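Numbering (our numbering), first residue to last: 143 to 547.
Heads up, the beta-carbon is just placed ideally off N, CA and C, and yes, glycines get one too.
Owing to the predicted nature of the structure, the values given are computational and were not obtained by experimental measurement.
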């Protein structure tokens, strides 16, 4: 016979209070969610999609990514939510459709330049500036404008993570401080002269409100990648963007193609910018024809064209200003890089038929003084604009040149 221990198992009576998974906890959750408000509740859902781990997490759709950035730009989420989203998105790494959605948001919320009939080149470089190598883009921009192109630059004040020399600071050192221009004046000057600078604190304050969050996070969020790809010029243009890591090439190409940007020139430039180096192999890719277009891989060496030169370090703004003045006069350590980059872009923009023709034109514009003349004309016109806005009488003839050139 089987042994029995004589143990009586008592069944607990059914509890009158619902289990933790019952209706009362569901009601509690609903009440707390409603207290957040519709916007914060929705943003919490978007954070959960990105930050739920490998099994249950997922990438956002294009529409969701645009919606999320709209919330960030409009301030329709808490700072804690914004920080959580930016970090979660960085860790997961953005996908092309997400960047496309973020570009949609910037197109909705950001300022827009009037379309130009010039051949326009729009540049996307890291907003946190340069800390090691002397920038060439401000000088290249002047050379391109002197050649008849339209140039659109984007940037802001010094910001994390580098707090480096910004495009706006470099232009100001050349007597072209456009940070105080209202957007209507930026549009007018671009139509008349072919040069525009979007200065984020003045012209896109909704995006600027994310900078303190980026300071507290201390790492670049995907918004930093967005800044390399976005242009405030909605019309046809050659988008010139810098990159460092190889995956960015595919990411940028697919995202911009999805938004209808037909032409993209990606350059593995110095410090993530758009300047071809003069001391090593330069790598770039040029895609034309939108999503269906083939990317042309470009491997170039400055030394093959007599322009090999060591990288010029950035030691101070004052030193860079002096070197920039020399380059505009056709001499100094920045001259080879200016000709190399200016000629390359004249070629890729279709202003010159070949790389050699572009280099020849760039050198001639410098040697003839056309680039410096154009800089002075821009500085004079800017001084007159600012004088009119301040209520002063514009000076006759040439006003004192802030660049001292």
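Does residue 455 come out as helix, strand or coil in the three-state DSSP assignment? Within the chain shown, the letter at position 313 stands for residue 455. Residue state, collapsed to three classes: strand.
Option in 217, 331, 205 with minimal Cα separation from residue 181: The count along the chain shown starts at 1 and reaches residue 181 at position 39. Of the candidates 217, 331, 205, the one whose C-alpha sits nearest the C-alpha of residue 181 is 217.
Here's a check: name, in chain order, each residue in its chain whose Cβ is nearer than 7 Å to the Cβ of residue 157, leaving out the five neighbours to either side. Position 15 of the chain shown holds residue 157. Annotation note: pLDDT 44 at residue 157 (below 50); position unreliable, no value reported.
Do residue 341 and residue 377 have their C-beta atoms closer together than 8 Å? If you number the chain shown from 1, residue 341 lands on position 199. If you number the chain shown from 1, residue 377 lands on position 235. The answer is no: Cβ separation not under 8 Å.
With respect to the beta strand (DSSP E) encompassing residue 438, which residues constitute its N-terminal and C-terminal limits? Sequence index remark: in the chain shown, residue 438 carries index 296 (1-based). Residue 438 -> beta strand (DSSP E) spans 437-442.
Considering only DSSP beta bridges, list what residue 425 is partnered with. By one-based count along the chain shown, residue 425 stands at place 283. Answer is 441, bridged to residue 425.
Which one of 351, 284, 531 has the shortest CA to CA distance from residue 313? Here the question's residue 313 lines up with position 171 in the chain shown. Among 351, 284, 531, the Cα nearest to that of residue 313 is on 284.
Helix, strand or coil for residue 229, going by three-state DSSP, please let me know. In the chain shown, counting from the first residue as 1, residue 229 sits at position 87. Note: residue 229 maps to helix in three-state DSSP.
State yes or no: is the C-beta of residue 266 within less than 8 Å of the C-beta of residue 371? By one-based count along the chain shown, residue 266 stands at place 124. By one-based count along the chain shown, residue 371 stands at place 229. Yes, the pair counts as a contact, with Cβ atoms nearer than the cut-off.
Nearest candidate by alpha-carbon position, reference residue 421, set 430, 443, 431: In the chain shown, the residue the question calls residue 421 occupies position 279. The shortest C-alpha separation from residue 421 is found at 443.
Cβ shell of residue 246 (< 6 Å), same chain only, five flanking positions each side left out: Looking up residue 246 in the chain shown gives position 104. The residues are 208.
Taking all protein chains shown into account, decide if residue 452 is buried (16 or more other Cβ within 10 angstroms of its Cβ) or exposed. As a position in the chain shown, residue 452 is number 310, starting the count at 1. Exposed is the call here.
Please report the distance separating the alpha-carbon of residue 320 from that of residue 520. Your numbering for residue 320 matches position 178 in the chain shown. Your numbering for residue 520 matches position 378 in the chain shown. Each residue's Cα considered, the two are about 11 Å apart.
Give the range of the alpha helix (DSSP H) segment to which residue 267 is assigned. Counting from one through the chain shown, the residue named residue 267 turns up at place 125. Run containing residue 267: none; DSSP gives neither H nor E here.
Start-to-end residues for the beta strand (DSSP E) that takes in residue 287: If you number the chain shown from 1, residue 287 lands on position 145. Segment 279-288 is the alpha helix (DSSP H) holding residue 287; no beta strand (DSSP E) there.
For my contact list, residue 355 and residue 248 are in at a C-beta cut-off of 8 Å; report their separation, rounded to the angstrom. As a position in the chain shown, residue 355 is number 213, starting the count at 1. As a position in the chain shown, residue 248 is number 106, starting the count at 1. Contact doesn't hold; Cβ gap of about 17 Å is too wide.
Beta-carbon contacts of residue 215 that lie in its chain and below 7 Å, excluding the five residues immediately before and after: To locate residue 215, count along the chain shown from 1; it is residue 73. The answer, listed in chain order, is 247, 251, 348, 349.
Three-state secondary structure (DSSP) of residue 303: Start at 1 with the first residue of the chain shown, and residue 303 comes out as number 161. In the structure shown, residue 303 sits in coil (DSSP, three-state: anything other than H, G, I, E or B).
Who are the Cβ neighbours of residue 542 in its own chain at under 8 Å, not counting the five residues just before and after it? Along the chain shown, read from residue 1 onward, the residue named residue 542 stands at position 400. Note on residue 542: pLDDT 40, under 50, position unreliable in the model; the coordinate value appears next. No residues qualify anywhere along the chain.
Secondary structure of residue 145, DSSP reduced to three states: Here the question's residue 145 lines up with position 3 in the chain shown. With a pLDDT of 45 at residue 145, under the threshold of 50, the modelled position of that residue is not reliable, and the figure given next carries that caveat. If DSSP states are grouped into helix, strand and coil, residue 145 belongs with coil.
7 Å CB neighbourhood of residue 148 in its chain, flanking five on each side removed: Translated into positions along the chain shown, residue 148 becomes position 6. Here the model assigns residue 148 a pLDDT of 48, short of 50, so the residue's position is not dependable, and the following value carries that caveat. Excluding positions up to five away in sequence, the list is empty.
According to DSSP, is residue 272 helix, strand or coil? Numbered from its first residue, the chain shown carries residue 272 at position 130. Three-state result, residue 272: strand.
Tell whether a beta-carbon distance below 8 Å holds between residue 423 and residue 384. Here residue 423 corresponds to residue number 281 of the chain shown, with the count starting at 1. Here residue 384 corresponds to residue number 242 of the chain shown, with the count starting at 1. Their beta carbons are not under 8 Å apart, which means residue 423 does not touch residue 384 by this criterion.
Whole angstroms is fine: what's the gap from residue 192's alpha carbon to residue 462's? Counted from its first residue, the chain shown places residue 192 at position 50. Counted from its first residue, the chain shown places residue 462 at position 320. Cα-Cα distance, rounded: 43 Å.
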